[in-house]
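First residue of the sequence shown: 1, per the numbering used here; consecutive thereafter.
Ideal Cβ positions, reconstructed from N, Cα and C, are used throughout, including at glycine.
All values reported here derive from a predicted model rather than from experimental measurement.
A short write-up of the structure that comes next.
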Amino acid sequence: MAYTEAKKDECFDYIISEIESGKSLRYALSTNGMPSSKTFYEWMEEKDEQGNLTEQATAKVKRYAHACEQREFVLLDEILEIADKQGEDIIHTDNGDIENHNVIQRNKLQIEARQWTLGKLRPEKYGNKTILAGDKDNPLTIAPITGMKIVDETTD
1 MAYTEAKKDE
11 CFDYIISEIE
21 SGKSLRYALS
31 TNGMPSSKTF
41 YEWMEEKDEQ
51 GNLTEQATAK
61 VKRYAHACEQ
71 REFVLLDEIL
81 EIADKQGEDI
91 IHTDNGDIEN
101 HNVIQRNKLQ
111 IEARQWTLGK
121 LRPEKYGNKT
131 ILAGDKDNPL
141 TIAPITGMKI
151 VDETTD
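In structure tokens form, the structure reads like this:
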């Protein structure tokens, strides 16, 4: 389907607003009337006669990058909201209060899914950190950062 410039801008604005609200690109593109992912990426890769990105494509790339950063903040906010949510954790009955383990587990899963997503979207900022340490028997050991001090046992 060929898009007019006006329709292209309208679709792009919608996609960007969905991403900024925390949705994935795939979700935004699944809405009726939206382009395929191939078309979306072609819009951001349009080149002029010299082979350089057009001004419109450069602007779209910047807007998309900004929207992805905004999505990170939404995911971080959602993690805090889920962690602070306590309304359904306890079921009040005539025989006493009962912990609702299903809700607690669901909240934990939702938090972990968002943490995993952030770690994949921006591993340098949100990913699991590792440090490299060496010793005489194994020159390259990967040790996760756990807050524990790594002791060099090779020195006296």
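Would you check if the distance between the CB atom of residue i and the CB atom of residue j is smaller than 8 Å?
i: Ile104; j: Ile79; result: no
i: Glu20; j: Ala67; result: yes
i: Thr3; j: Pro35; result: Inspection of the sequence shows that residue 3 is occupied by Tyr rather than by Thr. Cβ atoms of Tyr3 and Pro35: closer than 8 Å.
i: Arg26; j: Glu72; result: no
List the endpoints of the continuous alpha helix (DSSP H) containing residue i.
i: Asp84; result: Glu55 to Asp84
i: Gly87; result: First-last for Gly87: undefined, no H or E at that position.
i: Asn102; result: His101 to Leu121
Where residue i and residue j are concerned, what is the direct C-alpha to C-alpha distance, given to the nearest angstrom?
i: Thr93; j: Asn100; result: 12 Å
i: Ile16; j: Arg114; result: 20 Å
i: Glu46; j: Thr117; result: 29 Å
i: Met148; j: Lys125; result: Residue placement at Met148 cannot be trusted, given a pLDDT of 48 that sits under 50; the coordinates are not used to answer.
i: Met44; j: Lys108; result: 37 Å
If I follow the unbroken beta strand (DSSP E) through residue i, where does it start and stop?
i: Asp9; result: Per DSSP, Asp9 belongs to no beta strand (DSSP E); it is in the alpha helix (DSSP H), Glu5 to Glu20.
i: Gly127; result: Counting along the chain, Gly127 falls outside any beta strand (DSSP E), and DSSP gives it neither H nor E.
Pick helix, strand or coil for residue i, following the three-state DSSP scheme.
i: Ala2; result: coil
i: Leu93; result: The sequence as given places Thr at residue 93; Leu does not occur at that position. In this structure, Thr93 counts as strand in the three-state DSSP scheme.
i: Lys23; result: coil
i: Glu42; result: helix
Using 8 Å for Cβ pairs, my map puts residue i next to residue j. What's the rounded Cβ distance?
i: Glu18; j: Ala28; result: 4 Å
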